[in-house]
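Trainee: According to UniProt numbering, the residues represented by the sequence shown are 1 to 97, in order. Sharing a structure here in structure tokens format.
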Amino acid sequence: MRKDFTHEPDADRYVLRLDDEIASVLDYRVLGDAIAMTRAFTNPRHRGSGLAGELVAYAVDDVEATSGRHVVPSCWYVAEWFDRHPERAQLLRPRST
């Protein structure tokens, strides 16, 4: 099974495809110098296999490598991902408004 991770900036999302089928999506909004990760969704057929976590890791790596922005974990899943990865906490920025 082939995994393809992509960033689709025109749609404000990151996508994980398995053999060309969308398996997981992470939506975001750009808020000035921050990116609010607003919703993680995994196709019900693929839930429980860690795909959302892989996609969040890909997105966090991409934000860090390409944008210099901070992350606002507006989605509960993204917040829990950061709880499990305290080494990435330097990217966090709490929502102020």
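We put the CB at the ideal spot given by N, CA and C, even for glycine.
(1) Compare the beta carbon distance of Arg29 and Thr42 with 8 Å and say whether it is the shorter of the two.
(2) How about the region 17-24 and the region 59-70: do they share at least three Cβ pairs that are nearer than 8 Å?
(3) Output the boundary residues of the alpha helix (DSSP H) element that contains Arg84.
(4) With DSSP collapsed to three states, give me the class of Asp61.
(5) Helix or strand or just coil, what does DSSP make of Asp4?
(6) Please confirm whether Leu91 and Val63 have their CB atoms less than 8 Å apart.
(7) In this structure, how does DSSP classify Asp10 when only helix, strand and coil are distinguished?
(8) Can you list, in chain order, the residues of its chain with a C-beta nearer than 8 Å to that of Ala34? Leave out the 5 residues immediately preceding and following it.
Mentor: Taking the geometry as given:
(1) On the sequence shown, position 29 is the one that residue 29 refers to. On the sequence shown, position 42 is the one that residue 42 refers to. Taking 8 Å as the Cβ cut-off, Arg29 and Thr42 do not qualify as a contacting pair.
(2) These segments do not touch.
(3) If you number the sequence shown from 1, residue 84 lands on position 84. Element bounds for Arg84: 76-84.
(4) For this step, residue 61 is matched to residue 61 along the sequence shown. Three-state DSSP puts Asp61 in a helix.
(5) In the sequence shown, residue 4 corresponds to position 4, counting from 1. Note: Asp4 maps to strand in three-state DSSP.
(6) Mapped onto the sequence shown, residue 91 falls at position 91. Mapped onto the sequence shown, residue 63 falls at position 63. Going by C-beta atoms, Leu91 is nearer than 8 Å to Val63.
(7) Residue mapping note: residue 10 aligns to position 10 of the sequence shown, counting from 1. Residue state, collapsed to three classes: helix.
(8) Working through the sequence shown from its first residue, we reach residue 34 at position 34. So the qualifying residues of the chain are Arg69, His70, Val71, Val72, Arg93.
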